[in-house]
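Here my numbering is used: the first residue of the sequence shown is 973, the next is one more, and so on.
Heads up, the beta-carbon is just placed ideally off N, CA and C, and yes, glycines get one too.
Scroll down for the structure; my scribbles are underneath it.
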Amino acid sequence: MIILPAIDLIDGKAVRLLKGKYEDMTVYSDNPPEIGKDFADCGAEMIHIVDLEGARDGGTPNFDTVVAIKEASGCFCEIGGGIRSMEVVNRYMEAGIDAVILGTAAVENTRFLEDAVGKYGERIVVGVDIKDGRIAIKGWTEKSELEVIPFCQFLQEIGVRRINVTDISKDGAMEGTNHRLYETLSREFGMQIVASGGVSTIDDVKRLSEVGMYGAIIGKAYYTGTIDLKKAIEVAR
């Protein structure tokens, strides 16, 4: 299993939200590229980046910071948040970003999703963000009518290779992750599944690896020192 340490961006800073609430934000660093370099020094091969302003409002307000993280770390970098047109997808790809994550656009514009997957294949990742059993959109501020299993079935049918699945109720809460959800998805689907939200102990890492997750995203646990990133990477491998 692969560990993807996370950098969430607002105003060029590395921040964390509690359960997706923008009003409950903690700033951890004014220098996100330096964090990316530390991830690489700890042995990380992939970095998960989210432009939280883009996710909420659209656009790419933290574009330059995302590219700087890629350059400083040398890692495989994926970016999500505000990617709602092929123009933006192309811009990130041309800047050297390795993969883009579609969230709101994957729900609201399936033609765009299909076109992106057709052009870039496995470099298109879909964020499956779950709130009260439904797929959340627009930086988790709204719930769609889509249920999790049918949405994942659709994604698999159109050729999506990887999904990042977040239980929003667990995100940033340091209460452990939703193992039952990931076990269910692992049984149902052949896509690569990355678990996100509440990965807060080495035991979480072990259990997710045991149920066959492709990867796990670690956010707040890194910033608070609850998880030693080097150890987590070793355990996952």
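Alpha carbon to alpha carbon, what distance is there between residue j and residue i?
i     : j     : result
I1007 : C1049 : 13 angstroms
I1205 : M1018 : 11 angstroms
R1179 : R1159 : 15 angstroms
S1001 : K985  : 6 angstroms
G1218 : F1123 : No statement about residue 1218 is possible, as the shown extent of the chain runs from 973 to 1209 and does not include it.
A1012 : K1202 : 10 angstroms
G1169 : G1105 : 15 angstroms
E1043 : L1024 : 20 angstroms
N1034 : I982  : 7 angstroms
S1057 : T1032 : 11 angstroms
Y1186 : G1068 : 23 angstroms
R1083 : I1041 : 30 angstroms
V1137 : C1014 : 24 angstroms
T1173 : G1197 : 10 angstroms
K1115 : I1051 : 22 angstroms
Quick check on residue i: does DSSP put it in helix, strand or coil?
i     : result
D1002 : coil
I1102 : strand
N1062 : helix
R988  : strand
V1097 : strand
I982  : strand
S1172 : coil
D1023 : strand
S1057 : coil
R1133 : coil
G1144 : In this prediction, G1144 scores a pLDDT of 48, lower than 50, which makes its location untrustworthy; the coordinate-derived value is nonetheless stated afterwards. Correct three-state label for G1144: coil.
T1037 : helix
G1224 : Lying before the first or after the last residue shown, residue 1224 is absent from the chain, which here runs from 973 to 1209.
G1008 : helix
Bridge partners for residue i per DSSP, in chain order?
i     : result
F1048 : M1018
A1188 : I975, A1167
I1069 : According to DSSP, I1069 bridges with nothing at all.
D1139 : I1102
L1118 : The partner list for L1118 (beta bridge, DSSP) is empty, contrary to what the question assumes.
K993  : L990
L1074 : V1098
Let me check you understand the geometry: is the CB of residue i closer than 7 angstroms to at least one non-hydrogen atom of the ligand ATP?
i     : result
A1071 : The ligand ATP is not part of this structure, which contains no ligands at all.
Grab the span of the beta strand (DSSP E) containing residue i for me, first residue to last.
i     : result
K1110 : First-last for K1110: undefined, no H or E at that position.
The alpha helix (DSSP H) spanning residue i covers which residue range?
i     : result
I1205 : 1201-1208
F1084 : 1082-1092
T1156 : 1151-1160
Cβ of residue i less than 8 angstroms from any chain C Cβ?
i    : result
A978 : Protein chain content of the structure displayed is limited to a single chain, and chain C is not contained in it.
So does the stretch 984-1000 actually touch the stretch 1067-1078, counting three or more Cβ pairs closer than 8 angstroms?
Because the criterion of three Cβ pairs below 8 angstroms is not met, the stretch 984-1000 and the stretch 1067-1078 do not touch.
The stretch 1059-1071 contacting the stretch 1080-1096, beta-carbon criterion three pairs below 8 angstroms:
The stretch 1059-1071 makes contact with the stretch 1080-1096; the number of CB pairs closer than 8 angstroms reaches 3 or more.
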